[in-house]
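Residue numbers (the UniProt record's numbering): 1 to 289.
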């Protein structure tokens, strides 16, 4: 039996041409990622390096400050004949020690000594210096020492203030007022003398200015002009000096002495001395008494 014949499709068949395709170039991803990672790594390395350098600088600066503080304290203790265990507070200021050292000197130096012995008295000393060379054999720019002595310590100088026994010593009105009693015609009269302190060569002098006889105030110049008065109050009218040069380095000089409130303030100058020079390492001397 013959197979049935399938009906024919009478419509013509279209022929399709393959369309042209455009090739798009896409930049590779991997090289771009590598480039970004390289810059990031370099930046991180730079930041870490800067941080390490800063840390090293501050650590080095702290060590330099510690060394300089110890060295200056040692020189101060030796020059001023202080107890090695004495309280000595050294302040080098807020600036970088390494940067100042690179310039050759420290800008500012402050030293506080709560118990500074000056002969027979003890006071509070404040040392200030500028232009402190790193080479300690070179001279300082400026240096000053201010010693503040309270009234209780000034009283220890009674033997240097007058040639008579004193009943009182007090600091008032910019003077040191000493009190005693003298006998005149079998009468005991209280006497007070105002002494003006001042700096003298190697020490401190006390010059009588005014004498108070009971309620009467008389100038020393007028009393000295009265015949025979020296036999009565002569020991109260003479100026006296206490030498302190032997307690200080020979390059330091007493520049000023004043009464401030109830304190005696002694100003000492040391401009131009070197911490390792003879002017700071050797003691001064007092003239023979």
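In this text, a Cβ means the ideal position worked out from N, Cα and C, and glycines have one as well. Here the structure is a predicted model, which is why all the values come from computation and not from measurement.
Across the structure, residue 148 and residue 121 are spaced so that their CA atoms are roughly 10 Å apart. The beta carbons of residue 203 and residue 242 sit about 5 Å from each other, so the pair counts as a contact at 8 Å.
Per DSSP, residue 106 lies in no alpha helix (DSSP H); the unbroken beta strand (DSSP E) holding it starts and ends at 105-118. Contact between residue 114 and residue 126 does not hold, since the beta-carbon distance rounds to 10 Å and is not under 8 Å. Its chain contains 199, 267, 268 and 269 as the residues whose beta carbon lies nearer than 7 Å to that of residue 255, once the 5 sequence neighbours on both sides are disregarded; these appear in chain order. Looking only at 205, 201, 237 and 89, the smallest Cα-Cα distance to residue 213 is reached by 237.
In the structure shown, residue 240 falls within a strand segment according to DSSP collapsed to helix, strand and coil.
Taking the Cα of residue 250 as reference, the smallest distance to any Cα among 274, 235, 260 and 262 is reached at 274.
DSSP, read as helix, strand or coil, puts residue 226 in coil.
Note on geometry: alpha-carbon atoms of residue 85 and residue 69 lie some 15 Å from one another.
Exclusion of the five residues before and after residue 179 leaves 167, 168 and 192 as the residues of its chain whose Cβ lies within less than 6 Å of its Cβ. Here residue 143 is buried, its C-beta having at least 16 other C-beta atoms within 10 Å. By DSSP's assignment, residue 126 forms a beta bridge with 112 and 146.
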